[in-house]
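Visitor: Chains as they are written, first to last, in my numbering: chain A, 1 to 332; chain B, 1 to 332; chain C, 1 to 332.
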């Protein structure tokens, strides 16, 4: 049964993107993306790898992206800003609007967005309220990209870059994927599961301490769509047979004993039991659940994954900006 | 009698701009602006609407604006930065220098400005001390724009964009204007009154609780210059006959009863009694004094007013930059 | 005997630059710079004065500099950012990553740098740990410039711009230089002494309260290399005979009496006893040790010194960027 915190599988914001061929207006949650839209995004992302290798472009040099972070997240913000700069564009930025804003005096995000979207060609927002990005999109003149909202909220570009990282190495159809960690609360893991389910003959292994297993909303969705999955609590029983290992963090305060953390950690010994061509992903930042001894392994994809964030965000920005006239032109 | 906090009607900083034809060097207070200078600014601002509609310009692509905010004000800062970017220029920015600066160790703003103005073609400063911007201008190599100083200090670009918003809709001569709120402390309201008085046959209605009425310095000034005004405490007696309603905030802690706030608030019912072609302005952010039910009314100008901030700031930047050689060229 | 906090005179990071003709990869400490490398830097810096006078260049318009400040330092950060903008480049910036970063959750600087260096053509880092910049350089894909690390750590561009300021006015060979202040802890003073010792027939006067004198590691180094120096506690005995006065701060809490500070301060009276063509330098910010009455004296070089920071940082950026392919091109 869905909880207040879980992904709404059919939400109003998903509507527009569910009809193929419709342009993206805002990017609020990963569920908006249909397979054709994902393929368009990934093809553009591949093109962006070449754009970056050639030193970037100046094609978007008159466009302004505003990075409006109500809570700080240095790497996500810098990744979006780098993406806009590699496109030749311009960036307005606030790294901690929550601490600085007049919203503390009782103003609502809506008024700020109405004003700031008049200055911007696209807004990247990280808000502290779970529906912050959606509320912003409702009043914004410019397209809005959700860069993470609330504690358990959406962070759709993370799920997109995760999937792109796999796509760059393997056909997505027929994959077997182990998703490991605190799966009941892990929005990243949940979003990836949802996106993977759109592809054919995928099999997922959800590996976590029993009390942190994937919630019924996702499992019901997978059942309905005939997607295969298994629930596991022992990493050893799946690690040798999957194509992709998606590792995430477990907060130590949720485990009774310190040993628990170690049982779900990946180090150079665990890696030895993986397939020779397995892929190891992690959304980062990491703590003990992914040992530095793994970094040199050619199967370690997590730094490449972070770099892919640049390409996917560049691609997403162009998909939104290409559809929009320049800011101001439609004002009155 | 003037109070320490009030607008000095003839202040040293006003001097240069009072002589027509002299170039603007710094923008410290709204009183600097003569009618011809206002008209030049507003004509340039109209031009900027077209520049923005065409996607901006690259004419100023080698110029650097430094936004030096000793206290955060996200929207004012982003508005200036967007203005510089739409001109093709470059931006250096600090959003909370007060918390971050070595000035806490005893250094004065003067040394910081001498150094930073060497790197900059124009400085936009928000300082916490009431004379911060003026002190900065005294030592700066580059032009300085005051983006708000002290608590009751000047914020000249706000007054300029307020007036520009009216100018875009109505001839300024012959206007009747209701200015509502906490008028004794409201720098925005005071500055607008001062600027409006420069035009012919204007009549102002100052509407506020009696203990917060406009101070004698402004009233004496209006008397001397033969400008008509009335003091009111009842919004209903003026709302139906004015061309412009300029609403501002009243801090609840200054009113004995909660009812007081409601008596000065504007909602969809109050709007019904306004002239069909009245203009409703508000400097934003707002709380209860301006209800969201008014937003859809075509007479609501406050989001357009915020957008006009972009055009006026672009225009102001070009007026300062066009007069200056590039930074560094006159250094030694 | 070297203390944990002192400059390691022969450190691993110095190695590459000690061999002439090798390109600079990272700038971690001032000791990396040989005389030929200093001369290349200074000639480039002179060229940058002309570039700035002509309004900057767009040659580096596709390159991204990331300013990664774990502790705020507004002026150093803005100086680097202005340098990159005057080169036509682009800037990503965080002014207080220490407060904002996920590193508080246990992540190490290495992972952040690996990710961010993938987005950047050059990283300028101020870290709170003394070896922060070196650790960053070890994992960074892009060149790293140390913009100050730890409390007693290195700040190599400060020493370089100090020396450049003298170079612009005087031949460096044969100089007599008074270095005044809290010399045991003064990293700036120590680094300048080290760099000056590379030139011929230099004589240094170290002027400080006896308990704050220059530490034996530097004095031993000067002895070994036959560089002349004298230890002094009385400013009056040297002020009249030196070519350069390098003033630095003394923290009042390290002196027993308030008078002590005054005995090492420079004001207009002290300046009268200096040579007619002496140069007065100070790294700024200043407090009581350098009186504002000195500012108008033509021998006061400290604001020019700050401006030279722009030219030296521009020169350094080009030396690093010219050697590197654009980011991303060498990724896999």
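All residues carry an ideal CB built from backbone N, CA and C; glycine is no exception. This one's a predicted model, so the numbers in the text were calculated from it and none came from an experiment.
At a CB-CB cut-off below 8 Å, which residues of chain C make contact with residue 118/B?
Guide: Going along chain C in sequence order, the residues near residue 118/B (Cβ under 8 Å) are 303, 306, 307 and 310.
Visitor: In this structure, what does DSSP give as the bridge partners for residue 343/A?
Guide: It is not possible to answer for residue 343/A, since the shown part of chain A is limited to 1 through 332.
Visitor: Using a C-beta to C-beta distance shorter than 7 Å, which residues of chain A count as neighbours of residue 56/B?
Guide: Simply 62.
Visitor: Does residue 268/B come within less than 8 Å of chain C when only Cβ atoms are used?
Guide: Chain C contact via Cβ: absent.
Visitor: So, does the CB of residue 188/B fall closer than 8 Å to a CB anywhere in chain C?
Guide: It does not; no Cβ of chain C falls within 8 Å.
Visitor: Please list, in chain order, the residues of the segment 67–92 of chain C that have any C-beta partner in chain A closer than 7 Å.
Guide: If the cut-off is 7 Å between Cβ atoms, the segment 67–92 of chain C has 90 and 92 near chain A.
Visitor: Less than 8 Å separating the beta-carbons of residue 200/C and residue 236/C?
Guide: Result no, Cβ atoms of residue 200/C and residue 236/C do not sit closer than 8 Å.
Visitor: State yes or no: is the C-beta of residue 88/A within less than 8 Å of the C-beta of residue 56/A?
Guide: It is a contact, given that the beta carbons lie within the stated cut-off.
Visitor: If the criterion is Cβ atoms closer than 8 Å, does the pair residue 113/B and residue 136/B meet it?
Guide: Yes. Within cutoff.
Visitor: With H, G and I counted as helix, E and B as strand and the rest as coil, what does DSSP make of residue 85/A?
Guide: In this structure, residue 85/A counts as helix in the three-state DSSP scheme.
Visitor: The alpha helix (DSSP H) that contains residue 118/C, what's its start and end?
Guide: Note, residue 118/C: alpha helix (DSSP H), 109–119.
Visitor: So residue 69/A is in the alpha helix (DSSP H); what residue range does that whole segment cover?
Guide: Segment 64–69 is the beta strand (DSSP E) holding residue 69/A; no alpha helix (DSSP H) there.
Visitor: Name, please, each residue of chain C whose Cβ falls closer than 8 Å to the Cβ of residue 97/B.
Guide: Under the 8 Å cutoff, chain C gives 74.
Visitor: How would you write the range of the beta strand (DSSP E) that residue 412/A sits in, first residue to last?
Guide: Only positions 1 to 332 of chain A appear in the structure, and residue 412/A is not among them; the question remains open.
Visitor: Please name the residue in 206/A, 29/A and 155/A whose C-alpha comes closest to that of residue 246/A.
Guide: Measuring from the Cα of residue 246/A, the nearest candidate turns out to be 206/A.
Visitor: So within the segment 22–65 of chain B, which uninterrupted alpha helix (DSSP H) runs reach at least 4 residues, ignoring any that extend past its ends?
Guide: Segments of the alpha helix (DSSP H) lying fully in the segment 22–65 of chain B: 35–53.
Visitor: Using a Cβ-Cβ cut-off of 8 Å, state whether residue 115/A counts as contacting chain B.
Guide: It does; some Cβ of chain B falls within 8 Å.
Visitor: With a Cβ-Cβ cutoff of 8 Å, do residue 145/C and residue 279/C count as a contact?
Guide: Not in contact: residue 145/C and residue 279/C (Cβ atoms no closer than 8 Å).
Visitor: Is the number of C-beta pairs between the segment 304–319 of chain B and the segment 183–200 of chain B that are closer than 8 Å three or more?
Guide: At 8 Å Cβ cutoff, the stretches do not touch.
Visitor: In the DSSP assignment, find the beta strand (DSSP E) that holds residue 308/A and state where it starts and stops.
Guide: Per DSSP, residue 308/A belongs to no beta strand (DSSP E); it is in the alpha helix (DSSP H), 302–321.
Visitor: I'd like to know if residue 318/C contacts chain A, where contact means its C-beta is closer than 8 Å to some C-beta of that chain.
Guide: Chain A, which has no Cβ nearer than 8 Å to the Cβ of residue 318/C, makes this no.
Visitor: For residue 169/B, which three-state DSSP category applies?
Guide: Reduced to three states, the DSSP call for residue 169/B is coil.
Visitor: In this structure, how does DSSP classify residue 247/C when only helix, strand and coil are distinguished?
Guide: Strand, per DSSP.
Visitor: Would you call the CB atoms of residue 66/B and residue 92/B closer than 8 Å?
Guide: Their beta carbons are under 8 Å apart, which means residue 66/B touches residue 92/B by this criterion.
Visitor: Take residue 265/C and list the residues in its own chain whose beta-carbon comes closer than 8 Å to its own, dropping the five residues that flank it on each side.
Guide: Correct list, in chain order: 288, 289, 290 and 291.
Visitor: Round the Cβ separation of residue 281/A and residue 227/A to the nearest angstrom and send it over; I've been treating them as touching at under 8 Å.
Guide: The pair is not a contact, with the Cβ atoms about 19 Å apart (cut-off 8 Å).
Visitor: Can you check DSSP and say which residues form a bridge with residue 149/A?
Guide: Bridge partners of residue 149/A: 127/A.
Visitor: Within 8 Å (strictly less), CB to CB, does residue 321/C reach chain B?
Guide: No - not a single Cβ of chain B is within 8 Å of the one on residue 321/C.
Visitor: Is the Cβ of residue 129/B closer than 8 Å to any Cβ of chain C?
Guide: Chain C contact via Cβ: absent.
Visitor: Using alpha carbons as the reference points, say which of 85/A, 254/A and 283/A lies closest to residue 191/A.
Guide: When each option's Cα is compared against that of residue 191/A, the closest is 283/A.
Visitor: Leaving aside the five residues before and after residue 161/A along the sequence, list all residues of the same chain whose C-beta is less than 6 Å from its C-beta, in chain order.
Guide: Excluding sequence neighbours, residue 161/A sits near 308, 309 and 312.
Visitor: Does DSSP classify residue 263/C as helix, strand or coil?
Guide: In this structure, residue 263/C counts as helix in the three-state DSSP scheme.
Visitor: Assuming residue 120/B contacts residue 97/B under a Cβ cut-off of 8 Å, what Cβ separation, rounded to an integer in Å, is found between them?
Guide: So it is not a contact: roughly 14 Å between Cβ atoms.
Visitor: When the distance is taken between beta carbons, is residue 123/A closer than 8 Å to residue 115/A?
Guide: Contact: no.
Visitor: With DSSP collapsed to three states, give me the class of residue 178/A.
Guide: Reduced to three states, the DSSP call for residue 178/A is strand.
Visitor: Once DSSP output is grouped into helix, strand and coil, what is the label at residue 139/A?
Guide: The answer is helix: DSSP assigns residue 139/A an H, G or I state.
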